[in-house]
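All remarks here apply to the structure that follows.
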Amino acid sequence: MSPAISSSSHDVEVPIHVIGQIRLEIPDDHYEEYKQITTTLFAETEEQERPSLYTCNRDINDPSLFVWNEQWESYDAFQKHLNTAHFKHWYSYVKKYQVGDLNVIYAPVSAFKKV
Numbered sequence: 001m002s003p004a005i006s007s008s009s010h011d012v013e014v015p016i017h018v019i020g021q022i023r024l025e026i027p028d029d030h031y032e033e034y035k036q037i038t039t040t041l042f043a044e045t046e047e048q049e050r051p052s053l054y055t056c057n058r059d060i061n062d063p064s065l066f067v068w069n070e071q072w073e074s075y076d077a078f079q080k081h082l083n084t085a086h087f088k089h090w091y092s093y094v095k096k097y098q099v100g101d102l103n104v105i106y107a108p109v110s111a112f113k114k115v
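Quick note on this note's numbering: the sequence shown kicks off at 1 and runs consecutively.
The structure is reproduced here in C-alpha cells:
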C-alpha cells in the first residue's frame, strides 16, 4: 500500500505543510521495537534532509492512530524523503501493522495563517 496523497496545490517549488495519518495496530510486545525504528527514522531524516518540522503524535483517544506533521522546502523534497532508504525501511516495517491507507494531505505553507 503506498501513501494516498492529495493536495490543494500543484506548485512543486514552494514550501509545503504535510499532514499524514496512519492507523497501526501494534501489539504491546512490539511497541518498543516500533519506537526504536521510528526514532531511527527521525534521526536520519533530521540529519540528512533537515525538514523545518517533522513530528509524529499518537492520538490520545485512539492509540492506533498516528498523526504526522511535517514541513518541507518543496513538494520535491517531500517526494525525495518518501524515496529514501530510511523511510522505505520504516514503512516496510509498519505495513504489517497498518490498517487502512496511509493518508497524506499537503498545502503550501503560505495557505496557513498565524493566529
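Where a beta carbon is used, it is the ideal one built from N, C-alpha and C, also for glycine.
query	result
Which value, in whole angstroms, describes the spacing of the CA atoms of F87 and V115?	33 Å
Report all residues from its chain with a CB closer than 8 Å to the CB of F66; omit the five preceding and five following residues, and keep chain order.	Q21, I22, R23, L24, C56, N57, R58 and D59
According to DSSP, E70 sits in a beta bridge with which residue or residues?	V18 and Y54
Can you tell me the Cα-Cα spacing of K35 and F112, whole angstroms?	31 Å
How many Å lie between Y75 and H30 at the Cα?	33 Å
For Y84, report the span of its alpha helix (DSSP H) as first-last.	Looking at the sequence shown, residue 84 is not Tyr but Thr. Here T84 belongs to no alpha helix (DSSP H), and DSSP marks it neither H nor E.
Using a 10 Å radius around the Cβ and a threshold of 16 neighbouring Cβ atoms, would you call E33 buried or exposed?	exposed
State the beta-bridge partners of Q98 as determined by DSSP.	L24
Going by the beta-carbon positions, is the gap between V131 and N69 smaller than 9 Å?	An answer regarding residue 131 cannot be provided, because it is not within the stretch 1 to 115 covered by the chain.
Comparing C-alpha positions only, which one of V99, V14 and P15 sits nearest to S64?	V99
Beta-carbon separation of V14 and V109 under 9 Å?	yes
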